[in-house]
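**Q**
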Amino acid sequence: MYIKLANGRIYDPIHGINGEQRDIYIHNGVITRKPGINTKIGKTYDLKGKVIMSGAIDIHTHIGGGKVNIARMMLPEDHEKDLVAKTSLTRSGCGYAAPSTLTTGYRYAEMGYTACFEPAMVPSNARQSHMEMADTPMVDKGAYAMLGSDDFFLRMLSSKKDQAAISDYVAWIINATKSMGIKVVNPGGINAFKFNQRELDLDEQNRYYGVSPRQILLSLIRAVTELGVPHPLHVHGCNLGVPGNLNTTLETIKAVEGMRMHMTHIQFHSYGAEGDRKFSSGAAEIAEAINSNPNISCDVGQVLFNQTVTASGDSLHQYAGHWHAHPKKWVLMDIECDAGCGIVPFKYRDKNFVNALQWAIGLELFLLVNDPWRIFLTTDHPNGAPFTSYPHLIRLLMDKSFRNDMLSTINKDAAAMSTLGSIDREYSLYEVAIMTRAAPAKSLGLKNRGHLGAGAIADITVYTDNKDKERMFSKPDYVFKDGDLIVSNGKVVKVVNGGTHIVKPGYDKTIERSLKRYFDDYQTMSMGNFKIDDDEIVEHGNGRLIVQPCM
Amino acid sequence: MMKEFAEVTCPFCGLLCDDLVISSNSHHLKTIKNACAKATSCFEAPIVDIKPKIKNKAVSIEAAIKHAIEILSASYTPLLTGLGTDASGMRQLMNLADLKGAVIDHMHGNALMRNTLVMQDLGWIMTTMTEIRNRADMIIFVGTDATNYPRFFERAIWPNKSMFGLKNEEKDIIYIGENLNIRSGISPKGKKPTVLKCQNDDINEIISTIHALISGSTIDVEKVAGIKAGVLEKLADKIKQASYGVIVWAPAELNVPHAELTIQSLTELAKYLTRSTRFSGFTLGGNDGATTANSLCAWQSGYPLRVNFNKGFPDYEPNRYSTNNVLKNKEVDSLLWVSSFSDTHKPPKALIPSIVLAMPSTKIGYTPDVFIPVSTPGIDHAGQLNRTDTVITLMLKKLRTSPYPSVANVIEKMIEGLR
Numbered sequence: 008m009y010i011k012l013a014n015g016r017i018y019d020p021i022h023g024i025n026g027e028q029r030d031i032y033i034h035n036g037v038i039t040r041k042p043g044i045n046t047k048i049g050k051t052y053d054l055k056g057k058v059i060m061s062g063a064i065d066i067h068t069h070i071g072g073g074k075v076n077i078a079r080m081m082l083p084e085d086h087e088k089d090l091v092a093k094t095s096l097t098r099s100g101c102g103y104a105a106p107s108t109l110t111t112g113y114r115y116a117e118m119g120y121t122a123c124f125e126p127a128m129v130p131s132n133a134r135q136s137h138m139e140m141a142d143t144p145m146v147d148k149g150a151y152a153m154l155g156s157d158d159f160f161l162r163m164l165s166s167k168k169d170q171a172a173i174s175d176y177v178a179w180i181i182n183a184t185k186s187m188g189i190k191v192v193n194p195g196g197i198n199a200f201k202f203n204q205r206e207l208d209l210d211e212q213n214r215y216y217g218v219s220p221r222q223i224l225l226s227l228i229r230a231v232t233e234l235g236v237p238h239p240l241h242v243h244g245c246n247l248g249v250p251g252n253l254n255t256t257l258e259t260i261k262a263v264e265g266m267r268m269h270m271t272h273i274q275f276h277s278y279g280a281e282g283d284r285k286f287s288s289g290a291a292e293i294a295e296a297i298n299s300n301p302n303i304s305c306d307v308g309q310v311l312f313n314q315t316v317t318a319s320g321d322s323l324h325q326y327a328g329h330w331h332a333h334p335k336k337w338v339l340m341d342i343e344c345d346a347g348c349g350i351v352p353f354k355y356r357d358k359n360f361v362n363a364l365q366w367a368i369g370l371e372l373f374l375l376v377n378d379p380w381r382i383f384l385t386t387d388h389p390n391g392a393p394f395t396s397y398p399h400l401i402r403l404l405m406d407k408s409f410r411n412d413m414l415s416t417i418n419k420d421a422a423a424m425s426t427l428g429s430i431d432r433e434y435s436l437y438e439v440a441i442m443t444r445a446a447p448a449k450s451l452g453l454k455n456r457g458h459l460g461a462g463a464i465a466d467i468t469v470y471t472d473n474k475d476k477e478r479m480f481s482k483p484d485y486v487f488k489d490g491d492l493i494v495s496n497g498k499v500v501k502v503v504n505g506g507t508h509i510v511k512p513g514y515d516k517t518i519e520r521s522l523k524r525y526f527d528d529y530q531t532m533s534m535g536n537f538k539i540d541d542d543e544i545v546e547h548g549n550g551r552l553i554v555q556p557c558m
Numbered sequence: 015m016m017k018e019f020a021e022v023t024c025p026f027c028g029l030l031c032d033d034l035v036i037s038s039n040s041h042h043l044k045t046i047k048n049a050c051a052k053a054t055s056c057f058e059a060p061i062v063d064i065k066p067k068i069k070n071k072a073v074s075i076e077a078a079i080k081h082a083i084e085i086l087s088a089s090y091t092p093l094l095t096g097l098g099t100d101a102s103g104m105r106q107l108m109n110l111a112d113l114k115g116a117v118i119d120h121m122h123g124n125a126l127m128r129n130t131l132v133m134q135d136l137g138w139i140m141t142t143m144t145e146i147r148n149r150a151d152m153i154i155f156v157g158t159d160a161t162n163y164p165r166f167f168e169r170a171i172w173p174n175k176s177m178f179g180l181k182n183e184e185k186d187i188i189y190i191g192e193n194l195n196i197r198s199g200i201s202p203k204g205k206k207p208t209v210l211k212c213q214n215d216d217i218n219e220i221i222s223t224i225h226a227l228i229s230g231s232t233i234d235v236e237k238v239a240g241i242k243a244g245v246l247e248k249l250a251d252k253i254k255q256a257s258y259g260v261i262v263w264a265p266a267e268l269n270v271p272h273a274e275l276t277i278q279s280l281t282e283l284a285k286y287l288t289r290s291t292r293f294s295g296f297t298l299g300g301n302d303g304a305t306t307a308n309s310l311c312a313w314q315s316g317y318p319l320r321v322n323f324n325k326g327f328p329d330y331e332p333n334r335y336s337t338n339n340v341l342k343n344k345e346v347d348s349l350l351w352v353s354s355f356s357d358t359h360k361p362p363k364a365l366i367p368s369i370v371l372a373m374p375s376t377k378i379g380y381t382p383d384v385f386i387p388v389s390t391p392g393i394d395h396a397g398q399l400n401r402t403d404t405v406i407t408l409m410l411k412k413l414r415t416s417p418y419p420s421v422a423n424v425i426e427k428m429i430e431g432l433r
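Heads up: the sequence lines are chains L and V, in that order. Counting from 8, one number per residue, gives the positions in the first sequence under our numbering. Counting from 15, one number per residue, gives the positions in the second sequence under our numbering.
(1) Do we get a CB-CB distance below 8 angstroms when we pair S37 (chain V) with the residues of chain L?
(2) Where do the N-terminal and C-terminal ends of the alpha helix (DSSP H) with T68 (chain L) fall, by residue?
(3) Could you tell me which residues DSSP puts in a beta bridge with I441 (chain L)?
(4) So, are the CB atoms of V230 (chain V) and A264 (chain V) less than 8 angstroms apart?
(5) With H, G and I counted as helix, E and B as strand and the rest as coil, what does DSSP make of V231 (chain L)?
(6) Where do the N-terminal and C-terminal ends of the alpha helix (DSSP H) with F526 (chain L) fall, by residue?
(7) With a CB to CB cut of under 7 angstroms and the five nearest residues on each side skipped, what residues in its chain are close to K501 (chain L)?
(8) Whole angstroms are fine: how far does the CA of T95 (chain V) sit from the CA of P237 (chain L)?
(9) Which of helix, strand or coil does DSSP assign to V439 (chain V)?
(10) Helix, strand or coil: which one does DSSP assign to D157 (chain L)?
(11) Going by C-alpha distance, which of L:C245, L:A290, L:Q309 is nearest K322 (chain L)?
(12) Flag G316 (chain V) as yes if its beta-carbon sits less than 8 angstroms from any beta-carbon of chain L, otherwise no.
(13) Taking 8 angstroms as the limit between beta carbons, can you name the residues of its chain near S174 (chain L), skipping five residues before and five after?
(14) Grab the span of the alpha helix (DSSP H) containing H324 (chain L) for me, first residue to last.
(15) Just by C-beta distance, which residues in the segment 327-346 of chain V are closer than 7 angstroms to chain L?
(16) Give me the chain L residues within the contact set of R169 (chain V), using Cβ-Cβ distance strictly less than 7 angstroms, ordered along the chain.
(17) Against C101 (chain L), what residues of chain V qualify as contacts under a CB-to-CB distance less than 8 angstroms, listed in chain order?
(18) How about W263 (chain V): is its C-beta nearer than 8 angstroms to some C-beta of chain L?
(19) Report the residue from L:M140, L:Y32, L:V469, L:H22 whose alpha carbon sits nearest the alpha carbon of L552 (chain L).
(20) Would I85 (chain V) pass as a contact of V384 (chain V) if the rule is Cβ separation under 8 angstroms?
(21) For the 8 angstroms Cβ check, are there 3 or more pairs between the segment 95-110 of chain L and the segment 268-275 of chain L?
(22) Looking only at its own chain, which residues have a Cβ that is under 8 angstroms from the Cβ of C311 (chain V), when we skip the five neighbours before and after it?
(23) Whose Cβ in chain L lies nearer than 7 angstroms to the Cβ of W138 (chain V)?
(24) Output the distance between the C-alpha atoms of P393 (chain L) and M413 (chain L), rounded to the nearest integer angstrom.
(25) Output yes or no for whether 8 angstroms exceeds the beta carbon distance between V486 (chain L) and A116 (chain L).
(26) Once you ignore the five residues that flank Y90 (chain V) on each side, which residues in its own chain have a CB closer than 6 angstroms to its CB?
(27) Let me know if L43 (chain V) comes out buried or exposed under the rule of 16 or more other beta-carbons within 10 Å of its beta-carbon.
(28) Using the DSSP secondary-structure output, state which residues sit across from H510 (chain L) in a beta bridge.
(29) Taking N203 (chain L) as the reference, which of V:T291, V:T390, V:Y335, V:S74 has the closest Cα?
(30) Closest to R410 (chain L) by CA distance: which of L:D431, L:D528, L:S396, L:A423 is it?
(31) With a threshold of 8 angstroms between beta-carbons, can Q555 (chain L) be considered close to chain V, or not?
(32) Could you compute how far the alpha carbon of A104 (chain L) sits from the alpha carbon of R478 (chain L)?
(33) Between N174 (chain V) and E58 (chain V), what straight-line distance do the alpha-carbon atoms span, to the nearest angstrom?
(34) Grouping DSSP H, G and I as helix and E and B as strand, with all else coil, what is Q398 (chain V)?
(35) Since I believe F353 (chain L) is in contact with A327 (chain L) (beta carbons under 8 angstroms), could you give me their beta-carbon distance rounded to a whole number of angstroms?
(36) Residues of chain V with CB under 8 angstroms from T108 (chain L), in chain order?
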């Protein structure tokens, strides 16, 4: 059946279409050219004046895996005020900051999102991550495998194995864990913490291995680049949350010498140490560095004021941050000579100097980075705020007077230290479409998503324009997933499962010889069982695999 | 024809050893390598021939499921318990719980809750088996000797090789508790463990004293829970010297009132020690799919086990919604029991309509309304199960052909019938 979306205002930055009125045709879940005159159109939606974008893509959201599940279990009080009843269509569940998987899927779809990427999948925990994502309906999923603190990699690096062998290992991990890319978290820092190191700057050495975060970062970037993985290395840098860390961040940008790198939740890495309280905004310097280094992309990890929970692979800094836990409880884990995690609940307060300045720094970054193709909209869900606050964040970016009203309510000293009030920029709908659709799709190598041209998968969101952008983006009129109408008037009308995006970079299979020895000697799980089969995602996960080509 | 399977995962305790070699002639299995006594007896047990039953009368599987649907259909609040199944079975049980507004609990719910309450109160620092195997230079067993987890020492404490050059003889093993078999704690070359004998009731007092000593306090009594102050002082000093210490407990074996408070003393000690060195906890449990059930319940509902779905949304009350409690308080009006890994766990006897999905060899001890023999994940069909540390999920293999359906299959049919 052909479906026609008639007369909408199209925002499709990949094709340079900026609000022009056009028709869209869908056939068998795919956007097609206008069919022949004799073709019967099964259903027409008159969308005159409505805003049409492709389905939104969240490039960094902690939706599945051990640490998220620890957050859910640890925080019954998080769910209490946000219980979600079952309906004739949907299952029960709950929010808020650590929502159940089912509620996560419904809420993303109801906000117009059709794909979500879990950024910190611990390889040894990959199977559970995929099981949780399989139980996250409505949206397509994907994950980046975490490397850089795993002992196998550090043994290779410290024994000066050649880059080709390291690339083989990285490719093996991507294939074995069914991932879309690689993330490094505090390069080597999680491992250093296991040797009781409590900080690790870019050029400090791991006490046991004698390698530095810089070496780790460069080796992983080369591997990802050589393998042709579309998404550049996803980097959670050193010194997260540490005042003055902007210097480390600037050094990190210099260190990669023009190679592509995605710097995630960069807000948490853009802090100066000026002023009476030794905490200041480094947004201007960081934005300047991003503007002048076209190889760098970033997502912001915006902080918004509320109770949330921070869940991170960065056990070293999560331990350091546990003193600020609210409520006063926290979980830390060392994981399988592979990685680690830390879960610390946190309340961002608008009257707190540091929190208020974090909020301002995030917005400064959004507004000072010129190229929306290289800065993506995230709150590092749930670390800066739950993903459900995206519409509010979009309004802050699109509406200067609203932003300045908010600015006038935060901690006065923080407001005084921020340049936010002097920034006039307002994001356009076109720019929002870039940063939430076109750019993430491009960065991830999703060729037939993130746009509305012929051949694109029909993941489409229809909004009613509204001066209040928070309202507009909270409640789309329609959301189509693979051509199916799944959300109408902001509510789920059809439950679908979504697929799992993966890449399958090639590699020299002889790497399995040393891996087999490593597993047999040191691990408590066999190499064969570590690897995830396609069938597991399909048969046991109720899903399907979407293989994206490498470059 | 004989077929040999390697890298087989054993689903019969929470360690999920995955290096077993098992031969199969499609009906009978034989363990060839790496099976403990428990694994051998479970894998090699023959398939018992039995029919589904309604009130002890043999019926077809269709008739049994149909009757179960009638019971569930007439029920206002079913209790789904036992939950001895794999991830697929648990997914279907969660679906059924939501659909029918059921209370859901696991047969090892008490043990699960003891840990969960600690995590939800102050949190903890935990570690996993591979970290212990390679890094731990001190392992303190509290209230458990790990004999219920037969290969724990072999796999986590006394490996042939360690990644960081840590020798087995350099490790300090400490036991605190009652009736502990310390034989496994003697190193391969004969180094003896330190043993503090005490009642499980007294563990909390001893641990709290050690915590106080480590934090710089002095004690002015001669003995604490029957143990000389000097012994505790010496031990406290030793603990402080560890580079990577681990405290191991088994919540099911800490059968004392408010065991969560004892567990919290352990986890708070580990947290305190982490201010200067590295220390963490490790918990032995997760039998009968308990870790899988708890984790899966948490991701699908937002809460760990002991959830009541009767109001249409998850209502989490771990004390109130225990199997014992809801039966005693008559808060449920039908019972669905699931146990597909073990025939020794029996469903509770209740004066409400009962549906039992169990291994064919199970001696139930009373006549349930419906009995459906089910196959075992990891022997009769493939599946997924989570290890005790909540991190590792392993694939289970199909090793033989069983005439019985899986739990997932039976529950799915019930759901279809109820819709």
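Glycine included, each C-beta is placed from N, C-alpha and C at the ideal position.
**A** Taking the coordinates as given:
(1) Walking along the second sequence from the start, residue 37 (chain V) turns up at place 23. Not closer than 8 angstroms to any Cβ of chain L, the Cβ of S37 (chain V) fails to qualify, so no.
(2) Counting from one through the first sequence, the residue named residue 68 (chain L) turns up at place 61. No alpha helix (DSSP H) contains T68 (chain L), which DSSP labels as neither H nor E.
(3) For this step, residue 441 (chain L) is matched to residue 434 along the first sequence. Per DSSP, I441 (chain L) has no beta-bridge partner at all.
(4) Taking the second sequence and counting its residues from 1, the one referred to as residue 230 (chain V) is at position 216. Taking the second sequence and counting its residues from 1, the one referred to as residue 264 (chain V) is at position 250. Looking at the sequence provided, one finds Gly at residue 230 (chain V) rather than Val. The answer is no: Cβ separation not under 8 angstroms.
(5) For the purposes of this step, residue 231 (chain L) is taken as residue 224 along the first sequence, with counting starting at 1. Correct three-state label for V231 (chain L): helix.
(6) If you number the first sequence from 1, residue 526 (chain L) lands on position 519. Per DSSP, the unbroken alpha helix (DSSP H) holding F526 (chain L) starts and ends at 518-529.
(7) Position 494 of the first sequence holds residue 501 (chain L). The residues are D491, L492, I493.
(8) The sequence position of residue 237 (chain L) within the first sequence is 230, counting from 1. The sequence position of residue 95 (chain V) within the second sequence is 81, counting from 1. Each residue's Cα considered, the two are about 46 angstroms apart.
(9) In the structure as shown, chain V starts at 15 and stops at 433, and residue 439 (chain V) therefore has no counterpart that could be examined.
(10) Here residue 157 (chain L) is taken as the residue at index 150 of the first sequence, counted from 1. Note: D157 (chain L) maps to coil in three-state DSSP.
(11) The residue you call residue 322 (chain L) lines up with position 315 of the first sequence. One detail in the question is off: residue 322 (chain L) reads as Ser in this sequence, not Lys. Among L:C245, L:A290, L:Q309, the Cα nearest to that of S322 (chain L) is on L:C245.
(12) Counting from one through the second sequence, the residue named residue 316 (chain V) turns up at place 302. The Cβ of G316 (chain V) sits closer than 8 angstroms to at least one Cβ of chain L.
(13) The residue labelled residue 174 (chain L) in the question sits at position 167 within the first sequence. Within the same chain, S174 (chain L) has close Cβ partners R229, A230, E233, L234, Y514.
(14) Here residue 324 (chain L) refers to the residue found at position 317 when the first sequence is read from its first residue. Where H324 (chain L) is concerned, the enclosing alpha helix (DSSP H) stretches over 322-328.
(15) Residues are counted here when their Cβ sits less than 7 angstroms from a Cβ of chain L; for the segment 327-346 of chain V these are F327, P328, Y330, given in chain order.
(16) Counting from one through the second sequence, the residue named residue 169 (chain V) turns up at place 155. Here the neighbours are T531.
(17) Residue numbering aside, residue 101 (chain L) sits at position 94 when the first sequence is read from its first letter. Correct list: S315, G316, Y317, F327, P328.
(18) Within the second sequence, numbered from 1, the residue matching residue 263 (chain V) stands at position 249. At a cut-off of 8 angstroms between beta-carbon atoms, W263 (chain V) makes no contact with chain L.
(19) Taking the first residue of the first sequence as 1, we reach residue 552 (chain L) at position 545. If we check each option's Cα against that of L552 (chain L), L:M140 comes out closest.
(20) Residue mapping note: residue 85 (chain V) aligns to position 71 of the second sequence, counting from 1. Residue mapping note: residue 384 (chain V) aligns to position 370 of the second sequence, counting from 1. Cβ distance < 8 angstroms, so I85 (chain V) and V384 (chain V) count as in contact.
(21) Counting Cβ pairs under 8 angstroms, fewer than three are found: no touch.
(22) On the second sequence, residue 311 (chain V) is found 297 positions in, with the first residue counted as 1. For C311 (chain V), where only same-chain residues beyond five positions count, the Cβ hits under 8 angstroms are M104, M108, I118, Y317, P318, L319, V321.
(23) Within the second sequence, numbered from 1, the residue matching residue 138 (chain V) stands at position 124. Within chain L, the residues near W138 (chain V) are V338.
(24) In the first sequence, counting from the first residue as 1, residue 393 (chain L) sits at position 386. In the first sequence, counting from the first residue as 1, residue 413 (chain L) sits at position 406. Whole-angstrom Cα-Cα distance: 19 angstroms.
(25) Taking the first sequence and counting its residues from 1, the one referred to as residue 486 (chain L) is at position 479. Taking the first sequence and counting its residues from 1, the one referred to as residue 116 (chain L) is at position 109. Judged by their CB atoms, V486 (chain L) and A116 (chain L) are nearer to each other than the 8 angstroms cut-off.
(26) For the purposes of this step, residue 90 (chain V) is identified with residue 76 of the second sequence, where counting begins at 1. Excluding positions up to five away in sequence, the list reads D347.
(27) Taking the second sequence and counting its residues from 1, one reaches residue 43 (chain V) at position 29. Counting every other CB atom within 10 Å of its CB across the protein chains shown gives L43 (chain V) a total of 16 or more, marking it as buried.
(28) Numbered from its first residue, the first sequence carries residue 510 (chain L) at position 503. Position check: residue 510 (chain L) holds Val in this sequence, whereas His was assumed. Beta-bridge pairing links V510 (chain L) to L:Q555.
(29) The residue labelled residue 203 (chain L) in the question sits at position 196 within the first sequence. Nearest C-alpha to N203 (chain L): V:T291.
(30) If you number the first sequence from 1, residue 410 (chain L) lands on position 403. Nearest C-alpha to R410 (chain L): L:D431.
(31) On the first sequence, position 548 is the one that residue 555 (chain L) refers to. Closer than 8 angstroms: no.
(32) Counted from its first residue, the first sequence places residue 104 (chain L) at position 97. Counted from its first residue, the first sequence places residue 478 (chain L) at position 471. Cα-Cα distance, rounded: 20 angstroms.
(33) Here residue 174 (chain V) corresponds to residue number 160 of the second sequence, with the count starting at 1. Here residue 58 (chain V) corresponds to residue number 44 of the second sequence, with the count starting at 1. When rounded, the distance between both Cα atoms is 29 angstroms.
(34) The residue given as residue 398 (chain V) occupies position 384 in the second sequence. Strand, per DSSP.
(35) Along the first sequence, one-based indexing puts residue 327 (chain L) at 320. Along the first sequence, one-based indexing puts residue 353 (chain L) at 346. With 8 angstroms as the limit, A327 (chain L) and F353 (chain L) do not qualify as a contact, their Cβ atoms being about 13 angstroms apart.
(36) As a position in the first sequence, residue 108 (chain L) is number 101, starting the count at 1. In chain order: W313, Q314.
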